[in-house]
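Using the numbering used here, you'd call the opening residue of the sequence shown number 74 and step up by one each time.
Note that CB positions come from ideal geometry on N, CA and C, so glycine has one too.
The model shown is predicted, which means the values in this text are computed figures rather than measured ones.
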Amino acid sequence: MNSSRIAIIGLGYVGLPLAVEFAKKYETLGFDINQGRIDDLTNGNDRTLEITSDELKKTSMKFTSKTDELKNCNVFIVTVPTPIDEHKRPDLTPLMKASETVGKILKINDIVIYESTVYPGCTEEDCVPILEKHSGLKFNKDFFCGYSPERINPGDKEKTVSKIMKVTSGSTPEIAEKINALYASIITAGTFKASSIKVAEAAKVIENTQRDINIAFINELSLIFNKLDLDTKEVLEAAGTKWNFLKFSPGLVGGHCIGVDPYYLTYKAEALGYHPQVILAGRRINDGMGAYVANQVVKLMIKKCHQIKDAKVLVLGLTFKENCPDIRNTRVVDIVAELNEFGCKVDLYDPWANSAEVKHEYNLSMNSADCLKQIDDYSAVILAVAHNQFKEVDFSSIEKSKTVFYDLKGLFPKELSDGRL
Numbered sequence: 074m075n076s077s078r079i080a081i082i083g084l085g086y087v088g089l090p091l092a093v094e095f096a097k098k099y100e101t102l103g104f105d106i107n108q109g110r111i112d113d114l115t116n117g118n119d120r121t122l123e124i125t126s127d128e129l130k131k132t133s134m135k136f137t138s139k140t141d142e143l144k145n146c147n148v149f150i151v152t153v154p155t156p157i158d159e160h161k162r163p164d165l166t167p168l169m170k171a172s173e174t175v176g177k178i179l180k181i182n183d184i185v186i187y188e189s190t191v192y193p194g195c196t197e198e199d200c201v202p203i204l205e206k207h208s209g210l211k212f213n214k215d216f217f218c219g220y221s222p223e224r225i226n227p228g229d230k231e232k233t234v235s236k237i238m239k240v241t242s243g244s245t246p247e248i249a250e251k252i253n254a255l256y257a258s259i260i261t262a263g264t265f266k267a268s269s270i271k272v273a274e275a276a277k278v279i280e281n282t283q284r285d286i287n288i289a290f291i292n293e294l295s296l297i298f299n300k301l302d303l304d305t306k307e308v309l310e311a312a313g314t315k316w317n318f319l320k321f322s323p324g325l326v327g328g329h330c331i332g333v334d335p336y337y338l339t340y341k342a343e344a345l346g347y348h349p350q351v352i353l354a355g356r357r358i359n360d361g362m363g364a365y366v367a368n369q370v371v372k373l374m375i376k377k378c379h380q381i382k383d384a385k386v387l388v389l390g391l392t393f394k395e396n397c398p399d400i401r402n403t404r405v406v407d408i409v410a411e412l413n414e415f416g417c418k419v420d421l422y423d424p425w426a427n428s429a430e431v432k433h434e435y436n437l438s439m440n441s442a443d444c445l446k447q448i449d450d451y452s453a454v455i456l457a458v459a460h461n462q463f464k465e466v467d468f469s470s471i472e473k474s475k476t477v478f479y480d481l482k483g484l485f486p487k488e489l490s491d492g493r494l
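Have a look at this one:
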């Protein structure tokens, strides 16, 4: 595969780390339709914080937003987002547009590999026809495809792209071997060659669906234990002493994977006439946790004799996970929305989130770190995301008779807070 000239289509949390890794061994071109993103990367700045400035400056990879510059490449790896719409249905718009872009410059014997999360069958049934239409070429005769699901864990500096085993697949046995060899050349953790593209697609979508269901179970336990006046964390610690007890924690389930991928599988299942029950039940529980937290906080505020309308509430953390700037599909916004419904005045602070992105995506304004110096001015403080910076805050100084402190993730000893999941 030394003759491979690789183009990575989409330079977000998935595409950029992959591109940097491939560029260590192959001629690699990073493509993104966002010229601002290209300018930032060219200047050594990655707003996702997945790649350092030094790594960007050292890489031999070039960045472009010009489709014509892709013509010299012969392997195209598509790593664009696959979100859901407001009705929780798959939004394949970025994937379809990326397929059009690649189709227009596709040549004989080129290979197109998809990494974006999709439902089983999407690559061959939805993407390939677009490639054929715009290239005028015939699938598995003139060009070939593969699917290798992304396994990026945003914010994780230990399990980086090369250290996570990669599933690969190809549209013919020969192409499957080539694609597997290509990834094996950069993935030190090894590769697993699936028997077909469809198997690889299904494997990806159930990885996060399984995790979603497990978290939903723990979230439901949290709802039950709260009514029993039991601390969920203590119960889980006790149960976790058994060797085969799976260790999950209650919490908000957001992000671009766990909170989205199950809907791709349920969409396909319903299209085939089967209505999933367990998967959708888990989604309903997890999607309702933000509103549940807000309601618990309001009840605690009432117990401390606060007037709810116009009460000041501070929410700490907005990103979908700790120590990461990724705000995609964060469910902290559900807490904010529910508190707004109660008439509360909500302030929001997150040292990792980009204020402009937050404003653009959710129309929410961010506060500065100064709010941490005025905690006693709030009727309630909700620690929503377990950023390292928040571990250094002295929440013990909160006047317990006055201010509600809700430690959603159980970051501090339970005696310090008024409630947690």
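Handout entry: Element boundaries [beta strand (DSSP E), containing V454]
Key = A453 to L456
Exercise for the section: Give me the Cβ distance between L532 and L456, rounded to the nearest whole Å; I'm assuming they're in contact under 8 Å. Expected result: Residue 532 lies beyond the stretch modelled for the chain, which goes from 74 to 494, so this question has no answer here.
Problem - I111 vs D105 beta-carbon contact at 8 Å - result: yes
Practice task
Kindly list the residues whose CB is nearer than 7 Å to the CB of A364, restricted to its own chain and excluding five residues on each side of it in sequence; keep chain order.
Solution key: D407 and E411
Exercise for the section: Determine the burial state of L389: buried for a count of at least 16 other Cβ atoms within 10 Å of its Cβ, exposed for fewer. Expected result: buried
Problem - Sub-8 Å separation of Q369 and G492 beta-carbons - result: yes
Problem - Straight-line Cα distance separating V454 from Y422 - result: 11 Å
Exercise for the section: Report the option in N413, L391 and P398 whose CA atom is closest to the CA atom of R404. Expected result: L391
Problem - V207 vs G176 beta-carbon contact at 8 Å - result: Checking the displayed sequence, the identity of residue 207 turns out to be His instead of Val. Result yes, Cβ atoms of H207 and G176 sit closer than 8 Å.
Handout entry: Every unbroken beta strand (DSSP E) within the region 172-203, with a cutoff of 3 residues, ordered by chain
Key = 184-187
Exercise for the section: With a 10 Å radius around its C-beta and 16 neighbouring C-beta atoms as the bar for buried, classify L301 as buried or exposed. Expected result: exposed
Exercise for the section: In angstroms with no decimal places, state the Cα-to-Cα distance between H433 and D399. Expected result: 14 Å
Problem - Per-residue DSSP class, three states only, for C444 - result: helix
Problem - For L421: DSSP bridge partner residues - result: V388
Practice task
Answer with buried or exposed for M374, where buried requires no fewer than 16 other C-beta atoms within 10 angstroms of its C-beta.
Solution key: buried
Practice task
Reducing DSSP to helix, strand and coil, say where L353 ends up.
Solution key: helix
Exercise for the section: Reducing DSSP to helix, strand and coil, say where R284 ends up. Expected result: helix
Handout entry: Best match in T190, I259 and G483 for proximity to D304 [C-alpha to C-alpha]
Key = G483
Problem - Three-state secondary structure assigned by DSSP to Y337 - result: helix
Exercise for the section: Grab me the residues of L284's own chain with a C-beta within less than 7 Å of its C-beta, minus the 5 sequence neighbours each way, in chain order. Expected result: A quick correction: the sequence has Arg, not Leu, at residue 284. Hits under 7 Å: I331.
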